[in-house]
Structure formats: structure tokens, C-alpha cells
Amino acid sequence: MNIDKRALTEQETSAYIGMSRSFLRQARMEGHRKNRTVAPPFIKIGRAVRYLKEDLDKWLDSHTKLSHLPQDGGFYA
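Residue numbers (my numbering): 1022 to 1098.
This is the structure in C-alpha cells:
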């Protein structure tokens, strides 16, 4: 039986978003700190940490950059 998983383990999440497991752990522990990437939303079931695919997709979308250059075309303002 092949079940399409909705909740992913830390290891599966790491592969899915292309970030290390240590990033996930550290981001979870640090919360919202200045100049740090916020962890993707997670759930805890007992001691187990799980990530929902739809939350991961939204988190990835929220980090999409349309441009890395300033809108005026110059490098420095």
C-alpha cells in the first residue's frame, strides 16, 4: 500500500526543502530572532516533530525573491 504522506519527519523535511536537519533544529529552538531565517511551521506529537507538506510549500513560497537588485537599477542607494 502506497500512502502519500501529509506529515513529514525532520529527515524527510530536510530533503524536501533542501536545508540541513541542523538548520531545522536550530531554527525551531531560536524562534523569531533578528537576522535569522524563521523555521517552517511544525507540529509536535509527543516528542515527535512533524512538518506538513502544505506548510512547507507556503514557507518556501514566502522566501521567493523576484529580484536581488534595487528597483532603481543602481547597486547602492
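Beta carbons are placed, not taken as given, at the ideal position from N, Cα and C, and that holds for glycine.
Nearest to T1085 by C-alpha distance, out of S1035, T1058, Y1072, is T1058. DSSP, read as helix, strand or coil, puts A1036 in helix. Assignment of K1074 by DSSP, reduced to helix, strand and coil, places it in the helix class. DSSP places F1044 inside the alpha helix (DSSP H), whose first and last residues are 1042-1051. Between the C-alpha atoms of D1082 and K1065 there is a straight-line separation of about 23 angstroms.
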